[in-house]
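Undergrad:
Numbering (this note's numbering), first residue to last: 319 to 473.
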């Protein structure tokens, strides 16, 4: 009976549509301090920001003007339930989709903007005060390997 269950489970995994992976791997070795990049693979787009010590300090100190400073209404794994919304202070990782109208993101000098609305986020993906109420950027389940050279996303 256990063998039949294994065969059925193995068959079910083979039925996944093309482009659905158990994990996605992105090379982030070339990101320099305070550089952001939107990475794409199949139908997944992620935003990765490598933050400098100065940016990290500013994010920790600036809690005014945020819609949800403690990320209580936002989606993130437990490891990112902190003011920087990340597993490691130097890196911020989120899905590259805004939470106001669900459009793509545009990287500004001091903030992230949703391209089809006025929604703006800081470099921890926290929603800035504005005309509309919207959530912080969604943070996926992720880890780094190869001494922070490879980002692995587990959808």
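In this text, a Cβ means the ideal position worked out from N, Cα and C, and glycines have one as well.
Name the residue from 463, 352 and 469 whose alpha carbon lies nearest to the alpha carbon of residue 442.
TA: Nearest option by C-alpha distance: 352.
Undergrad: Which of helix, strand or coil does DSSP assign to residue 423?
TA: If DSSP states are grouped into helix, strand and coil, residue 423 belongs with the strands.
Undergrad: Among 444, 462 and 340, which residue has its Cα nearest to the Cα of residue 378?
TA: Of 444, 462 and 340, the residue nearest in Cα terms is 444.
Undergrad: Closer than 7 Å: is that where the CB of residue 460 sits relative to any heavy atom of the ligand COA?
TA: Ligands are entirely absent from the displayed structure, and the ligand COA is therefore not among its contents.
Undergrad: Report the start-end ranges of each beta strand (DSSP E) in the region 363 to 446 that is 3 residues or longer and not cut off at the edges.
TA: Complete beta strand (DSSP E) runs here, min 3: 409 to 413, 423 to 425 and 430 to 432.
Undergrad: At which residues does the beta strand (DSSP E) containing residue 470 begin and terminate?
TA: Run containing residue 470: 468 to 472, per the beta strand (DSSP E) assignment.
Undergrad: If you follow the beta strand (DSSP E) that residue 345 is part of, which residue opens it and which one closes it?
TA: 342 to 345 is the span of the beta strand (DSSP E), which, as asked, contains residue 345.
Undergrad: DSSP puts residue 462 in a beta bridge; with which residues?
TA: Answer is 469, bridged to residue 462.
Undergrad: Grab me the residues of residue 461's own chain with a C-beta within less than 6 Å of its C-beta, minus the 5 sequence neighbours each way, in chain order.
TA: Around residue 461: 470.
Undergrad: So the candidates are 418, 413 and 381; which of them puts its Cα closest to the Cα of residue 400?
TA: It is 381 whose Cα lies nearest to the Cα of residue 400.
Undergrad: What's the call for residue 390, buried or exposed, on a 16-neighbour Cβ count within 10 Å?
TA: Burial call: exposed.
Undergrad: Which residues bound the beta strand (DSSP E) around residue 453?
TA: Careful: residue 453 lies outside any beta strand (DSSP E) and carries neither H nor E.
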